[in-house]
Amino acid sequence: MTAVDPPISREREEHWQRVWDALDPWTVPPGRLEPGADARYLLTMFPYPSGDLHMGHAEVFAIEDALARYWRLRGHRVLNPIGWDSFGLPAENAAIARGEHPATYTETNIATQAASIRRYAVSFDFSRRLHTHEAEYYRWTQWLFLQLYERGLAYRGAGWVNWCPQDATVLANEQVLAGRCERCGSEVVRRELTQWFVRITDYADRLLDDMAQLEGRWPERILAMQRNWIGRSEGVQIRFADDGGAHPGRSAHLEVFTTRPETLAGVTFLAVAPESATAWDWCAPGARAALAEYREQVATRTEIERSAVGQTKTGVPLGTSVRHPLTGEPIPVWAADYVLAGYGTGAVMGVPAGDERDAAFAAAMGIPQAPAGLAVLPGAEPDWPEPDEMVQQLLTAGAGERARSYRLRDWLVSRQRFWGAPIPMVHCPRCGVVPVPEADLPVQLPDLRGEQLVPEGVSPLAGAKDWLTVSCPACGGPAQRDTDTMDTFVDSSWYFLRYLSPGRTDVPFDPADARDWMPADTYVGGVEHANLHLLYSRFVTKVLRDAGWLETDEPFAALLNQGQVINRGAAMSKSLGNGVDLAEQLDTYGVDAVRLAIIFSGPPADDLDWADVHPEAMHRFQARALRLARDVGAAGASGASGGFGASAEAVEVRRSTHRTIAEITELMEMRRLNVVVARLMELVSVGKKAIDGGPGAGELAVRELAEGVAVMLSLFAPYTAEEMWAALGHEPSVARARWPEVDRALLVAEEVEAVVQVAGKVRGHLRVPADVDEQELRRQALRLDAVRRRLAGAEPRRVVVRAPHLVNVVP
RNA sequence: GCCCCCAUAGCCCAACCGGCAGAGGCAGCCGACUUAAAAUCGGUGCAGUCUGGGUUCGAGUCCCAGUGGGGGCACCA
Numbered sequence: 001m002t003a004v005d006p007p008i009s010r011e012r013e014e015h016w017q018r019v020w021d022a023l024d025p026w027t028v029p030p031g032r033l034e035p036g037a038d039a040r041y042l043l044t045m046f047p048y049p050s051g052d053l054h055m056g057h058a059e060v061f062a063i064e065d066a067l068a069r070y071w072r073l074r075g076h077r078v079l080n081p082i083g084w085d086s087f088g089l090p091a092e093n094a095a096i097a098r099g100e101h102p103a104t105y106t107e108t109n110i111a112t113q114a115a116s117i118r119r120y121a122v123s124f125d126f127s128r129r130l131h132t133h134e135a136e137y138y139r140w141t142q143w144l145f146l147q148l149y150e151r152g153l154a155y156r157g158a159g160w161v162n163w164c165p166q167d168a169t170v171l172a173n174e175q176v177l178a179g180r181c182e183r184c185g186s187e188v189v190r191r192e193l194t195q196w197f198v199r200i201t202d203y204a205d206r207l208l209d210d211m212a213q214l215e216g217r218w219p220e221r222i223l224a225m226q227r228n229w230i231g232r233s234e235g236v237q238i239r240f241a242d243d244g245g246a247h248p249g250r251s252a253h254l255e256v257f258t259t260r261p262e263t264l265a266g267v268t269f270l271a272v273a274p275e276s277a278t279a280w281d282w283c284a285p286g287a288r289a290a291l292a293e294y295r296e297q298v299a300t301r302t303e304i305e306r307s308a309v310g311q312t313k314t315g316v317p318l319g320t321s322v323r324h325p326l327t328g329e330p331i332p333v334w335a336a337d338y339v340l341a342g343y344g345t346g347a348v349m350g351v352p353a354g355d356e357r358d359a360a361f362a363a364a365m366g367i368p369q370a371p372a373g374l375a376v377l378p379g380a381e382p383d384w385p386e387p388d389e390m391v392q393q394l395l396t397a398g399a400g401e402r403a404r405s406y407r408l409r410d411w412l413v414s415r416q417r418f419w420g421a422p423i424p425m426v427h428c429p430r431c432g433v434v435p436v437p438e439a440d441l442p443v444q445l446p447d448l449r450g451e452q453l454v455p456e457g458v459s460p461l462a463g464a465k466d467w468l469t470v471s472c473p474a475c476g477g478p479a480q481r482d483t484d485t486m487d488t489f490v491d492s493s494w495y496f497l498r499y500l501s502p503g504r505t506d507v508p509f510d511p512a513d514a515r516d517w518m519p520a521d522t523y524v525g526g527v528e529h530a531n532l533h534l535l536y537s538r539f540v541t542k543v544l545r546d547a548g549w550l551e552t553d554e555p556f557a558a559l560l561n562q563g564q565v566i567n568r569g570a571a572m573s574k575s576l577g578n579g580v581d582l583a584e585q586l587d588t589y590g591v592d593a594v595r596l597a598i599i600f601s602g603p604p605a606d607d608l609d610w611a612d613v614h615p616e617a618m619h620r621f622q623a624r625a626l627r628l629a630r631d632v633g634a635a636g637a638s639g640a641s642g643g644f645g646a647s648a649e650a651v652e653v654r655r656s657t658h659r660t661i662a663e664i665t666e667l668m669e670m671r672r673l674n675v676v677v678a679r680l681m682e683l684v685s686v687g688k689k690a691i692d693g694g695p696g697a698g699e700l701a702v703r704e705l706a707e708g709v710a711v712m713l714s715l716f717a718p719y720t721a722e723e724m725w726a727a728l729g730h731e732p733s734v735a736r737a738r739w740p741e742v743d744r745a746l747l748v749a750e751e752v753e754a755v756v757q758v759a760g761k762v763r764g765h766l767r768v769p770a771d772v773d774e775q776e777l778r779r780q781a782l783r784l785d786a787v788r789r790r791l792a793g794a795e796p797r798r799v800v801v802r803a804p805h806l807v808n809v810v811p
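Going by the numbering used here, 694 is the number at position 694 of the first sequence; the sequence numbering is gapless.
And the structure:
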């Protein structure tokens, strides 16, 4: 164990934390923005309070803090708030295991994380912090639910839902990954339940089309993921008329959705989802027993089994038929479990000649592969008509119209667990479902703990008898509260708005505050929420806009996804034993070394393998930077009297400084943080050489360099930067300094090196004035021996001149 | 099956609008300091850019095809 002391000791870190606490440079007081303020809203995905901060947090916070500090130094008014996404299952499960209230676990962890964030020196505005588990917050989450309800966007629906047996609750589609619960990995089963849904599908087109605004400002892959998730397809809805006699209760038509209307001539059967009401309606009395049995058989299969591609197709005939809309031919109707109840109309036209799945089903059921008269060659598609022609025919025949279908489903928001915001609804035997009046919010959670929280298929809230019983807001009679709580993704779908108006008890947020700050300029966070939090937040923003609360369509103008932190090629996990503990790293190397190493290891969006992160290497850099500042500080500001030295060396130092400032500014705008650190390393080396063998530490140009380093380094290594700033004789804090100005005159070199190529290959170099004209450069290039030798007296066919950098002679 | 992203030195990564392939770091090697080692300091090499075509005076960069890797969606009609 050769623990090396970090350049910044624990004691010095604590010293600076006290200084920052006292100076409070990061708080933006609530209320109107001062006129003329150039506002920037930097948002970071708020943490879930599980234990202490981990490596993932270390990365996001290092990235987001660099941006926050950069913007502040550039003179922006920066809102950079922090809070906790503090409802959720881990706290509830811990509470059951320990016989406690979930708030105990939650609040302990929040305190731990807040202390770690302070040590990690993230420049958050803590004055606006929020916690989604507190009644003063979830009151407004409930308000949001009522807004959705009033606008007809929240509804109670019966249907087959995803149920996680491990977590004992239903899940939204977005929370099911390959048939498993995204949280615990259990295999999800289907249950038929009545639940609260939110009509996100009403916004499918806007969610899709508004992505045009995000193009180029959000990572392309997130946009692609959302596009896939929404899954819009353009097609036609076709009506097939009933072919039988009178069927009581059955509609006269069976509708299907297809993206390939041109294949209509190849239809040999229609198939409907077995569990749908349509299947029952279209089932002949004699086939009902078979359908009922088939339905039971289907219900026993898990999601994973059912959704597997390429399995043997099953189904039962329903004993009824429809007529082909153009030919009038009879077509039998089947129930088949490869047809999904929730997509399109829950019914498809079976075209074995045009669709592999239909072909497999037809083969399994002994249905003809093609109608009589349709020529089908093996291995080739029939000669279908033009899709548009077919659509015209259908429109003319009144048998169909253009339609869109979506993969996106409504958002299931009920959860049968305790640690969430209660759904603010009352069930009255006389009035039915009645919303809790806004004035009665919040509907507070009852005080349950320990075993009272053990899930038994219904929410633990159902066991809180006193809490449960309430008088109906409409008729005053005895009624019961809704016992479910909301999906925690509802909590996080609007928290970025609450930050804007902290402490307000009359509104969730002030629309005037939202005008000041929304949309967030940059949102920093992980990719894992692409189809969850990010989609829900976009949706809620649009709803609140429609309701008059917001003026923006989109909540996050730009999105910066940091990569995952992995170790030796694999995700850090207990079972692999490759976890790296953040607190240990901080103790061993110091905060700045860890932050620098993380930033330096690669582009923010790339996955970060801890095997490639070298905090110890940053010590050398930090030590050099500190020495630079101390040498300059000790030498005093001799230049204060005489200005910058006129020596060529001093001018070169200034050129380096200003070139670097210009370059780093540009790199910061492009979020190329890793390259910024590399440039700072170079500049420190220039400074060191200037002190050791150049104009010396007393030269004002060297001081200028050292001060520039201190300010720019503060984005990544705030402690080291403060030490430098102090050594240079400044009052704290460097956080209050200004971003260094670039002297453009110093960017223009007097002389540059021009490359001379012959046939595209470098054959010589020339030192020329930076403003050399093309003719002169061409003349000099052609005089070079290396060029004349290769031309061998012949006239060049062509000479390309790009003054002052390049000449290419083509023989 | 459909869609998106990526590929530069042993490793992590640079290379502005197409213009000398190399800034920074890790590891390696050599040297200084040391009784010795660690730490520290100084120095140093290494690839022609995944493959094959194309455009161009000139391609890591643009275009086409492919390979490899990562990711999303998927019995979605």
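We treat Cβ as the ideally placed atom computed from N, Cα and C, and that holds for glycine.
In this text the structure is predicted, and so the values were computed from the model without any measurement.
Nearest-angstrom Cα separation, counted from residue j out to residue i
{"i": "residue 1", "j": "residue 588", "result": "Since pLDDT at residue 1 reaches only 34, below the 50 mark, its modelled position is unreliable, and no value is offered."}
{"i": "residue 427", "j": "residue 447", "result": "21 Å"}
{"i": "residue 100", "j": "residue 94", "result": "8 Å"}
{"i": "residue 810", "j": "residue 709", "result": "45 Å"}
{"i": "residue 639", "j": "residue 778", "result": "Residue placement at residue 639 is poorly supported in this model, since its pLDDT is 47, which falls under 50; the coordinates still yield a value, given next. Answer to the nearest angstrom: the Cα atoms are 43 Å apart."}
{"i": "residue 54", "j": "residue 485", "result": "28 Å"}
{"i": "residue 787", "j": "residue 750", "result": "25 Å"}
{"i": "residue 748", "j": "residue 505", "result": "57 Å"}
{"i": "residue 613", "j": "residue 304", "result": "39 Å"}
{"i": "residue 342", "j": "residue 452", "result": "36 Å"}
{"i": "residue 501", "j": "residue 136", "result": "12 Å"}
{"i": "residue 514", "j": "residue 498", "result": "9 Å"}
{"i": "residue 579", "j": "residue 572", "result": "5 Å"}
{"i": "residue 46", "j": "residue 85", "result": "6 Å"}
Beta-carbon separation (whole angstroms), residue i vs residue j, contact threshold 8 Å
{"i": "residue 71", "j": "residue 40", "result": "5 Å"}
{"i": "residue 236", "j": "residue 274", "result": "No, residue 236 and residue 274 are not in contact; Cβ-Cβ is about 24 Å, not under 8 Å."}
{"i": "residue 508", "j": "residue 143", "result": "6 Å"}
{"i": "residue 43", "j": "residue 554", "result": "Actually they do not touch by this definition, with Cβ atoms about 13 Å apart."}
{"i": "residue 153", "j": "residue 435", "result": "Between residue 435 and residue 153 the Cβ distance is about 13 Å, and since that is not below 8 Å, they are no contact."}
{"i": "residue 373", "j": "residue 362", "result": "Residue 373 to residue 362, Cβ: 17 Å. No contact."}
Residue i, buried or exposed, once every other Cβ within 10 Å from all chains shown has been counted against 16
{"i": "residue 785", "result": "exposed"}
{"i": "residue 771", "result": "exposed"}
{"i": "residue 102", "result": "buried"}
{"i": "residue 402", "result": "exposed"}
{"i": "residue 6", "result": "buried"}
{"i": "residue 542", "result": "buried"}
{"i": "residue 57", "result": "buried"}
{"i": "residue 575", "result": "exposed"}
Identity of the residues DSSP links to residue i by a beta bridge
{"i": "residue 162", "result": "171, 190"}
{"i": "residue 347", "result": "272"}
{"i": "residue 215", "result": "218"}
{"i": "residue 523", "result": "43, 559"}
{"i": "residue 761", "result": "758"}
{"i": "residue 766", "result": "754"}
{"i": "residue 568", "result": "The partner list for residue 568 (beta bridge, DSSP) is empty, contrary to what the question assumes."}
Whether residue i touches residue j by CB criterion (7 Å)
{"i": "residue 418", "j": "residue 345", "result": "no"}
{"i": "residue 654", "j": "residue 701", "result": "yes"}
{"i": "residue 410", "j": "residue 322", "result": "no"}
{"i": "residue 184", "j": "residue 167", "result": "yes"}
{"i": "residue 300", "j": "residue 187", "result": "no"}
{"i": "residue 559", "j": "residue 229", "result": "no"}
{"i": "residue 197", "j": "residue 138", "result": "no"}
{"i": "residue 852", "j": "residue 340", "result": "For residue 852 there is no data in the structure shown, the boundaries of the chain being 1 and 811."}
{"i": "residue 271", "j": "residue 336", "result": "yes"}
Any non-hydrogen atom of the ligand HEM within 6 Å of residue i CB
{"i": "residue 108", "result": "By its list of ligands, the structure shown contains no ligand whatsoever, and the ligand HEM lies outside what it can speak to."}
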